[in-house]
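Asks: Protein chains in written order, with the numbering used here: chain A, 3 to 519; chain B, 3 to 519.
Built from N, CA and C at the ideal position, the CB exists for glycine as well.
None of these values were measured; they are calculated from a predicted model.
Number of protein chains: 2
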Amino acid sequence: MATPCHGYVNNGAPQNGVVLPVETGAVQPQNSRFLDPAAFRRQGYQVINFIADYYARVGDYPVHPNVNLGFLRRQLPADAPSRPESSDAFGAALRDVRDLTLPGLTHWQGPRHFAHFPASSSTVAALGEALTAGINVVPFTWAASPAATELEMVVVDWLGKALHLPESLMFCGGGGGTLLGTSCEAILCAIVAARDSKLADIGSRRIGDLVVYCSDQTHFAFRKAAHIAGIHRDNYREIATYRDNMFALSPAELHAAMQADVDAGLTTAVDPIGELRAVADAHGAWVHVDAAYARSALVCPEFCHLIAGTEAVDSFSMNAHRWLLANTDCCALWVRTPSLLVAALGTEQEYILKDAAAEGHDVVDYKDWSVTLTRRFRALKVWLVLRCYGVEGLRGHVRAHVRMAASFESKVQADARFEVTATRQFALVCFRLRSPEKLGGEKAANELNRRLLEEVNAAGSGPYMSSAMVGGIYMLRCAVGSTLTEERHVNEAWKVVQDRAASLLRKMENTCRGVAK
Amino acid sequence: MATPCHGYVNNGAPQNGVVLPVETGAVQPQNSRFLDPAAFRRQGYQVINFIADYYARVGDYPVHPNVNLGFLRRQLPADAPSRPESSDAFGAALRDVRDLTLPGLTHWQGPRHFAHFPASSSTVAALGEALTAGINVVPFTWAASPAATELEMVVVDWLGKALHLPESLMFCGGGGGTLLGTSCEAILCAIVAARDSKLADIGSRRIGDLVVYCSDQTHFAFRKAAHIAGIHRDNYREIATYRDNMFALSPAELHAAMQADVDAGLTTAVDPIGELRAVADAHGAWVHVDAAYARSALVCPEFCHLIAGTEAVDSFSMNAHRWLLANTDCCALWVRTPSLLVAALGTEQEYILKDAAAEGHDVVDYKDWSVTLTRRFRALKVWLVLRCYGVEGLRGHVRAHVRMAASFESKVQADARFEVTATRQFALVCFRLRSPEKLGGEKAANELNRRLLEEVNAAGSGPYMSSAMVGGIYMLRCAVGSTLTEERHVNEAWKVVQDRAASLLRKMENTCRGVAK
């Protein structure tokens, strides 16, 4: 073992002989000491207090830590300890989580986290995860934990209805859903099912002829999933979208792209854009809609007009861990024809015990609905969240964020130095500082906004945002999505953006003046 | 909403107007009520007590529930509640978890769970999961939570060393590792990296020419992963193994299979058998070793002779959630050449903010090491487990199970009616009842053992085992792996097997006698 450092001193514990119990000092040879109820209760209270304290003070941490690459690796020993380092190893480890780890995290739950995408936490989902980890069953088949499979079937229908999905995607309508880890996983499952169903028609050796289509605004998870599934990189078609059309995908352009491929002897496979079903139908394509983020908003009836056209999709996925208070990870995938998913992802082996009760029935073995065999009991937290907050609770959560984002957007619009660069999507505002004329074109504007973001994020105690490059335009992204974010944090964030912009513009004016001299 | 049923009564809570806070009765319009520290503390203690009580009495549940398909779905409403059902919705939901869900689960943590594979829980890992869910960061890049990425880099090296892996697979030796969800995911990542690295040599359009090889004893996760990655089903080669060679893979047979494919113009891609490196090398194959289960045993030096030949593998995976007390899910994947993994699975987009500190350095962005982008902070629980139990603690855990399995095996061997059907692998005993001569051949023996397993598992309060079919031989599997399993549970299990066998044989004798009359 390397030189002990902070928190890793062995405290004189013997290095040889019998394995010492972790906490009591008495010899306890049984493995059952690792699941001792009394120890769990004691340590569990410590953990609950730890997390409660974290929620109370998470706003005091800089959202993004000011640390250098390697800062933590340098502080930790090169080897795991051979024995628990002290009689209170758990307490010591918790202190290290607090003192070494927390200051080096990006605090996604901080009220000033406006970067990337929301990862809305809730107490109920966090505790649901704790329950799942504590109970630790592995519901890979119905028989391997019947209640876990059945609860999952129930909550995906609950969730689907709450989101106003078409019934054809739910168990109650002949389809069905499952809870996976992430969007990438869900998209990969859909692509593999689409691929295999297409190959069954055209010949199993023609994988090289399959083409996938998406808009150039599609999340790169789609590209990644298609690549993993063996779709050739030359066979992705990212249909260009334009700012003057608000970056929406044009059916005419999709049709043209598909026709060109058909003329070239290729075959359409997957299209993530539900609104373009008619075009897809003409080419027999599988339509998958991934709405990792925005879909959460559809718990609110006022956003339901956005659903038009998705009634006929083949599959649909959305991350409940983004905006529906379900904590990471929890992505729901629904499919119209579960048998196609099972045909693509199913496995059958003698050693998987089929329960007598399940034989001959239409049993759902979720191992055949996903990439993985081993899976967690994710349905538990979703059940708890829906029961404890109700669909109205989720609506309130989403609406409050949308309201705050709208307020941020109106502030941007009211300041002539700035512009909103894309239609606000729910609680995401994309904006930028207009480049003063004397500084020149897009390139200078991009550079200006890159510096602006740097300065906004450098504030430490201030907001933390991210950026996007769309159609050659660099923009700042303000994603309102943290559970703890309140109106005042959004107002403060805007104030920081304005201040930094003013100082930046002043500096540049001075530089220009200096050059002019 | 459907008719309310058990636990779903709305208790007179108003159905319209402002969203009510979950517990306090006061109007609290902020989303922050979903992360209220006081509510978390109160509910958290409830959950800790719930889990502690579960550990205390999990042995009282039948391991496998006696329920029919649909038993739980029928009891739950068709829609999620619109509002929290009462002022103590959380308490009510917890009671339903206890009364509706627990009795319908297969209790993987029960001391009599000998089925499938181990899912060893520990208090520390369960609480590590709770911490991860509570903190809820998303370390998809280094910058997105630096301490999470660095801790992962540290613990995969700790774990690799504890398992006596070659340094070439660890960060300290130029390789590196990551923590994924499951073996399937890890194998898929390795196959995609192998596939792409091979296609770069032979031409990116030749995916149809790639062949994967494994022994017919390989877990079907391998087949599934290869299929997802687009390897044609005709291009899996399962090399037959034989009982008289203890189901080991023969290098000569592998070589012959590879040579036949080369002669047919195909290309070798992936071989999961490390010991056959020399054969693989001759064909430029990527060698992946998956040791979802057995590898855990290599924390013990006395099992290290089994490592011979794996020094030169390209990638290696093992499930820490199986036998190393890490709770589901936690699969470690190590690779010799991380750049090949990143080339296959990497994504690069403008909107991912690179931290200034990371620019130009060899930063690890774990989103490029796996199928998924969003990921959980799994390193935390592994860190806690290794610190609180030490490597010696894990050794003690594994050794106790191996000892119990050896004891079970010797009981089987001592009873002439039974035979051990495959060499005991660590804590897994495969065995069967010999078929009495008058009953005839293998088919009758298989049927006899099928009925034996049924009767063993039907006992309710008794052990729960699973089965395997290998080389046409049906066998019972007794996998000792639950943290709470003690010697007495194993002894009881054997007693049940003997009793049921005796009664079964008696019945059959009677039937034969009846027929003979």
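What's the gap between the Cα of residue 420 (chain B) and the Cα of residue 413 (chain B)?
Replies: The straight-line gap from Cα to Cα measures roughly 9 angstroms.
Asks: Specify, as a first and last residue, the run of the beta strand (DSSP E) that residue 520 (chain B) falls within.
Replies: Not covered by the structure: residue 520 (chain B). The range shown for chain B is 3 to 519.
Asks: Going by CA-CA distance only, name the one from A:327, A:307, A:261 and A:398 that's closest to residue 85 (chain B).
Replies: The residue with the shortest Cα to Cα distance from residue 85 (chain B) is A:398.
Asks: Using beta carbons (cut-off 8 angstroms, strictly below), is residue 499 (chain B) in contact with chain A?
Replies: Not one chain A Cβ lies under 8 angstroms of residue 499 (chain B).
Asks: What span of residues does the alpha helix (DSSP H) with residue 96 (chain A) cover, start to end?
Replies: Note, residue 96 (chain A): alpha helix (DSSP H), 91-98.
Asks: I'd like to know whether the C-beta of residue 405 (chain A) is nearer than 8 angstroms to at least one C-beta of chain B.
Replies: Closer than 8 angstroms: no.
Asks: Residue 32 (chain A) and residue 488 (chain B): beta carbons closer than 8 angstroms?
Replies: Cβ atoms of residue 32 (chain A) and residue 488 (chain B): closer than 8 angstroms.
Asks: Do you know whose CA, among B:315, B:329 and B:314, lies nearest residue 321 (chain B)'s CA?
Replies: Selected option, being the one with the closest Cα: B:329.
Asks: When the Cβ atoms of the segment 426-439 of chain B are set against those of the segment 119-128 of chain A, are three or more pairs found closer than 8 angstroms?
Replies: Judged by Cβ distances under 8 angstroms, the segment 426-439 of chain B makes no contact with the segment 119-128 of chain A, as fewer than three pairs qualify.
Asks: Could you list the residues in the segment 278-304 of chain A with a C-beta less than 7 angstroms from some C-beta on chain B, going in chain order?
Replies: Listed by position, the residues of the segment 278-304 of chain A near chain B (Cβ gap below 7 angstroms) amount to none.
Asks: Closer than 8 angstroms, CB to CB, is residue 81 (chain B) near chain A or not?
Replies: Taking Cβ atoms only, chain A reaches closer than 8 angstroms to residue 81 (chain B), which makes this a yes.
Asks: In whole angstroms, what separates the C-alpha of residue 417 (chain A) from that of residue 436 (chain A)?
Replies: Those two C-alpha atoms are separated by around 10 angstroms.
Asks: Which residues in chain A sit within 7 angstroms of residue 38 (chain B), going by Cβ to Cβ distance?
Replies: Correct list: 125.
Asks: Round the Cβ separation of residue 188 (chain A) and residue 381 (chain A) to the nearest angstrom and send it over; I've been treating them as touching at under 8 angstroms.
Replies: Not a contact, Cβ separation roughly 16 angstroms.
Asks: Is the beta carbon of residue 259 (chain B) less than 8 angstroms from the beta carbon of residue 239 (chain B)?
Replies: Result yes, Cβ atoms of residue 259 (chain B) and residue 239 (chain B) sit closer than 8 angstroms.
Asks: Is it buried or exposed for residue 35 (chain B), if we count other Cβ within 10 angstroms and need 16 for buried?
Replies: Buried, because 16 or more other Cβ atoms sit within 10 Å of the Cβ of residue 35 (chain B).
Asks: So is residue 406 (chain A) buried or exposed if we call it buried at 16+ other beta carbons inside 10 Å?
Replies: Result: buried.
Asks: Touching or not, the segment 142-162 of chain A and the segment 64-83 of chain B, by the rule of three or more beta carbon pairs under 8 angstroms?
Replies: These segments touch.
Asks: Using a Cβ-Cβ distance cut-off of 8 angstroms, determine whether residue 473 (chain A) contacts chain B.
Replies: It does not: the Cβ of residue 473 (chain A) has no partner Cβ on chain B nearer than 8 angstroms.
Asks: Between the C-alpha atoms of residue 99 (chain A) and residue 368 (chain B), what's the straight-line distance to the nearest angstrom?
Replies: Looking at the two C-alpha atoms, the distance is approximately 21 angstroms.
Asks: Give me the Cβ distance between residue 476 (chain B) and residue 469 (chain B), rounded to the nearest whole Å; I'm assuming they're in contact under 8 angstroms.
Replies: Confirmed, about 6 angstroms.
Asks: When you measure from the CB of residue 457 (chain B) to every non-hydrogen atom of the ligand GTP, does any distance come out below 7 angstroms?
Replies: This structure does not include the ligand GTP; it has no bound ligands of any sort.
Asks: Relative to the alpha-carbon of residue 75 (chain A), which residue among B:480, B:449, B:385 and B:433 has its alpha-carbon at the smallest distance?
Replies: Selected option, being the one with the closest Cα: B:385.
Asks: Using a C-beta to C-beta distance shorter than 8 angstroms, which residues of chain B count as neighbours of residue 399 (chain A)?
Replies: Those within 8 angstroms of residue 399 (chain A) in chain B are 33 and 36.
Asks: With a cut-off of 8 angstroms, do at least 3 Cβ pairs link the segment 164-174 of chain B to the segment 333-353 of chain B?
Replies: Yes, the segment 164-174 of chain B is in contact with the segment 333-353 of chain B.
Asks: Which residue's Cα is closest to the Cα of residue 197 (chain B): B:132, B:46, B:342 and B:220?
Replies: Residue 197 (chain B) has its Cα closest to that of B:342, out of B:132, B:46, B:342 and B:220.
Asks: If we count Cβ pairs, one from each stretch, closer than 8 angstroms, do we get three or more for the segment 489-499 of chain B versus the segment 451-464 of chain B?
Replies: At 8 angstroms Cβ cutoff, the stretches touch.
Asks: When you compare only the Cα positions, how much space is there between residue 200 (chain A) and residue 313 (chain A)?
Replies: The straight-line gap from Cα to Cα measures roughly 21 angstroms.
Asks: Excluding the 5 residues preceding and the 5 following residue 401 (chain A) in the sequence, name in chain order all residues of the same chain whose CB lies nearer than 7 angstroms to its CB.
Replies: Cβ neighbours of residue 401 (chain A) beyond the five flanking positions: 302.
Asks: Tell me whether residue 170 (chain B) sits in a helix, a strand or coil according to DSSP, three-state version.
Replies: Residue 170 (chain B) falls in the helix class under three-state DSSP.
Asks: Quick one, are the C-beta atoms of residue 65 (chain B) and residue 108 (chain B) less than 8 angstroms apart?
Replies: Yes, the Cβ-Cβ distance between residue 65 (chain B) and residue 108 (chain B) is below 8 angstroms.
Asks: Verify the CB distance criterion: does residue 318 (chain A) have a CB-CB separation below 8 angstroms to chain B?
Replies: Judged by the 8 angstroms Cβ criterion, residue 318 (chain A) is not in contact with chain B.
Asks: Looking at the C-beta of residue 203 (chain B), does it have a partner C-beta in chain A at a distance below 8 angstroms?
Replies: Taking Cβ atoms only, chain A never reaches closer than 8 angstroms to residue 203 (chain B), which makes this a no.
Asks: One question on the structure: do residue 233 (chain B) and residue 264 (chain B) come within less than 8 angstroms of each other, judged by their Cβ atoms?
Replies: Taking 8 angstroms as the Cβ cut-off, residue 233 (chain B) and residue 264 (chain B) do not qualify as a contacting pair.
Asks: Using a Cβ cut-off of 8 angstroms (strictly closer), state whether residue 512 (chain A) contacts chain B.
Replies: Judged by the 8 angstroms Cβ criterion, residue 512 (chain A) is not in contact with chain B.
Asks: Which one or two residues does DSSP pair with residue 321 (chain B) in a beta bridge?
Replies: Per DSSP, B:333.
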